[in-house]
Structure formats: C-alpha cells, structure tokens
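Sequential numbering of the sequence shown, starting at 3, is according to the working numbering.
To keep things clear, I will list the structure first and then write my remarks on it.
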Amino acid sequence: MSEKLGSYSLNVFQEKEQELQRLKTQANVFLEQEKKIWIQSGLNSNMEVLDVACGCGISSSELSKLAFAGGVTGVDINPELLEIAKFNQKLEKINNLRFQEGNIYDLNFLGQEIFDFVYARFIFQHLFEPMKALNNIYNVLQPGGIICLLDIDDAWFTLYPEPSNLTSFCQMSAVVQKEKGGDRYVGRKLNTYLKNAGFIDVQTSIYTLSTDNISMKDFLDLSVRFRSEFMPLSSREAIDKELQEIYSLTTIPNAWGVVGIFITTGRRS
Ligand SMILES: C[S@@+](CC[C@H](N)C(=O)[O-])C[C@H]1O[C@@H](n2cnc3c(N)ncnc32)[C@H](O)[C@@H]1O
3 MSEKLGSYSL
13 NVFQEKEQEL
23 QRLKTQANVF
33 LEQEKKIWIQ
43 SGLNSNMEVL
53 DVACGCGISS
63 SELSKLAFAG
73 GVTGVDINPE
83 LLEIAKFNQK
93 LEKINNLRFQ
103 EGNIYDLNFL
113 GQEIFDFVYA
123 RFIFQHLFEP
133 MKALNNIYNV
143 LQPGGIICLL
153 DIDDAWFTLY
163 PEPSNLTSFC
173 QMSAVVQKEK
183 GGDRYVGRKL
193 NTYLKNAGFI
203 DVQTSIYTLS
213 TDNISMKDFL
223 DLSVRFRSEF
233 MPLSSREAID
243 KELQEIYSLT
253 TIPNAWGVVG
263 IFITTGRRS
C-alpha cells in the first residue's frame, strides 16, 4: 500500500495473527452499544448499507441482520481481510451481504447515490486525505442518506496509575502514525469535517470503553500494543521496554483505563 493511502496496512504487522485477533476483539467489544447507535442514527431494516473499510466484516455482518430487508456491502482495500469476511459470511449463511475489494478514495465503482447508510469504523484515524474520502462517501449516498463515523482521539485516552512513559509513548505513536498519513486526534475533527463536506444535521457523541468492561490486558492490547507495530523495526527493543512498563498495570490491583470513542453522524442534503 502506498504511503498516500494512509497509516493502516495489515501487511506491516509482524504478528499478523495477533492483529487479526485484535481486529476481531475490537469489532465485538463495543458491538451492543454500536447497534443502538446505528438505530438511533436512523438505520432501518430496508436500507442499503455500505460498511467502508470493513476489515474482516464483523460490523458488516451485524449491520446486515438489522438491514434484513435491504442489503449490506462491505468494502476494504485488503483482500486477505475480505477472504476472512467472506468465509464468516458463508458460515453464518447471510444472503443480503456482499464484500468487494475497493478503496475509500475511489468508490465510483459502486455507483452513484445508491446507499441509504454508510458506516466507517476506525478508518478516519488512518486517512491521509479525509475530505477526499468524505466527498466519495457523499457521492455514493442517496439524498437524505446517513453517514456514521466511529473513531478515537488520544486526548480521551487515560490510564491510572499513569505509567511514567505513557505520554511520551503516545506522542511517539501519534508522530509515527502522522508520518504515514494518519491522525490519532481525529475524533474531535469529525464533526467539522462532515459539515465542511456538506453534510447536514451533524452530531457527535462520545462513548467510553474502559477496564470496567474488559480486562486491563485486553484493554492495553486494543489501545496500546498495536501502535508499536507502526514504529520502526530498528527501535523494537526500546519499544518492547516501553510496552513492558505500560503493561505492568496488569499487575496493579484496581488500575483503570478508559478510551473515548467518537461517533459522528450526519445526512446528505
Ligand atoms: C483499523 S482497521 C478497521 C476495520 C473495521 N472497520 C473494524 O472496525 O474492525 C482499518 C481498515 O481499513 C482498511 N483500509 C485502510 N486503508 C483503506 C482505504 N484506502 N480504503 C479502504 N479500506 C482501507 C484496512 O485494510 C483495515 O481493514
């Protein structure tokens, strides 16, 4: 994947299986909350839905159960993830769901104004050109169609007791992600991005995922470990030490962590 495409590529992960597992956990961990959010945002059973950057398709599959009289298209740039998505779809025997390889920067192949609802989960933090992606999404939505974006913002990431290296680790990972075109502070920007792209009725809510809901180890795997994979291999040893310090929280009784999940919705006029 070229640098211009953004900061996420499954292929950079040395521990691919671990990352696949993380994607699955990440897709399931907030699912019940997400379903409520989709319905509150206006998703209904007749809609044609696009899950863009769908990864291994867990959200797509859940969306297809809610849009049971319509249909869901999952699009992702990575064929390996799409194979997993298709395999799971066969297992689950879901008929109103299809997966296609494609790029968020070029959705023309799908056709114009064909979707009622577009979902994009944990992709805007990786995009070099978020406005170009939003313009593309705008064009595949029907007039009145709904967009729903879900993403993070590192300002809403906290651990207590705070490891002494947490701030520097987060700063370093933000710089590395930015160099690859990503943005770990994208959550706060989504509302403005949507309005600038011409969407109306734009609203943002912030939900939390904390160690009240999952174990500290799972929480750190989701929110911290994967960032090290984007960092240069030459500094691997130093990074592993940094991680060790942060993971020491798993042995501290009553340690706590929380991350804010930004959900921004809007409509095409
Ligand atoms: C962090 S994963 C999120 C996957 C899924 N939405 C989820 O929440 O589990 C980011 C996904 O974006 C995909 N991706 C990255 N750049 C893309 C692009 N330019 N167009 C489409 N998909 C892209 C990756 O292959 C990966 O599946």
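Note that the Cβ used here is the ideal one computed from N, Cα and C, for glycine as well.
The structure displayed is predicted, hence computed values, not measured ones.
Does the separation of the CB atoms of residue i and residue j fall below 8 Å?
| i | j | result |
| --- | --- | --- |
| isoleucine 148 | phenylalanine 119 | yes |
| aspartate 153 | phenylalanine 117 | no |
| methionine 133 | alanine 87 | no |
| valine 2 | glycine 104 | Only positions 3 to 271 of the chain appear in the structure, and residue 2 is not among them; the question remains open. |
| methionine 218 | leucine 251 | yes |
| tyrosine 187 | aspartate 155 | yes |
| tyrosine 107 | valine 51 | no |
| leucine 68 | lysine 26 | no |
To the nearest angstrom, report how far apart residue i and residue j are at their CA atoms.
| i | j | result |
| --- | --- | --- |
| aspartate 214 | proline 145 | 40 Å |
| valine 229 | alanine 55 | Note that residue 229 corresponds to arginine in the displayed sequence, not to valine. If you take the alpha carbons of arginine 229 and alanine 55, they lie about 19 Å apart. |
| tryptophan 272 | aspartate 185 | In this structure the chain extends from 3 to 271, so residue 272 is not present and cannot be described. |
| serine 63 | phenylalanine 232 | 28 Å |
| isoleucine 39 | serine 61 | 13 Å |
| phenylalanine 101 | serine 175 | 31 Å |
| arginine 269 | tyrosine 140 | 9 Å |
| methionine 49 | isoleucine 216 | 33 Å |
| tyrosine 249 | asparagine 256 | 14 Å |
| valine 74 | leucine 12 | 23 Å |
| phenylalanine 221 | arginine 227 | 10 Å |
Mind reading off the beta-carbon distance from residue i to residue j? Whole number of angstroms is fine, and I expect it under 8 Å.
| i | j | result |
| --- | --- | --- |
| leucine 211 | isoleucine 254 | That belief does not hold up - the Cβ atoms of leucine 211 and isoleucine 254 are roughly 19 Å apart, past 8 Å. |
| asparagine 46 | phenylalanine 70 | Going by Cβ atoms, the distance from asparagine 46 to phenylalanine 70 rounds to 10 Å, so no, they are not a contact pair. |
| phenylalanine 171 | glutamate 244 | 5 Å |
| valine 318 | glutamine 114 | Look at the range of the chain in this structure, 3 to 271, and you will see that residue 318 is not part of it. |
| threonine 160 | threonine 206 | About 19 Å separates the two Cβ atoms, so there is no contact after all. |
| glutamate 247 | asparagine 167 | 5 Å |
| glycine 183 | phenylalanine 126 | Between phenylalanine 126 and glycine 183 the Cβ distance is about 11 Å, and since that is not below 8 Å, they are no contact. |
| tyrosine 195 | leucine 136 | 6 Å |
Kindly indicate the opening and closing residues of the beta strand (DSSP E) around residue i.
| i | result |
| --- | --- |
| arginine 269 | 258–269 |
| cysteine 56 | Careful: cysteine 56 lies outside any beta strand (DSSP E) and carries neither H nor E. |
| phenylalanine 117 | 117–123 |
| serine 212 | 202–212 |
| alanine 157 | 143–162 |
| threonine 75 | 73–78 |
| glutamine 102 | 99–103 |
Go ahead and label residue i buried or exposed: buried means 16 or more other beta carbons lie within 10 angstroms of its beta carbon, across all protein chains shown.
| i | result |
| --- | --- |
| asparagine 80 | buried |
| glycine 57 | buried |
| threonine 169 | exposed |
| glutamine 91 | buried |
| serine 66 | buried |
| asparagine 138 | buried |
| aspartate 53 | buried |
| isoleucine 241 | buried |
| proline 165 | buried |
| leucine 151 | buried |
| leucine 84 | buried |
What I want to know is whether the C-beta of residue i ends up closer than 7 Å to one or more non-hydrogen atoms of ligand 2.
| i | result |
| --- | --- |
| isoleucine 125 | Of the ligands one can find in the structure shown, namely ligand 1, none is ligand 2. |
Could you spell out where the alpha helix (DSSP H) holding residue i opens and where it closes?
| i | result |
| --- | --- |
| arginine 190 | Note, arginine 190: premise wrong, no alpha helix (DSSP H); not H, not E. |
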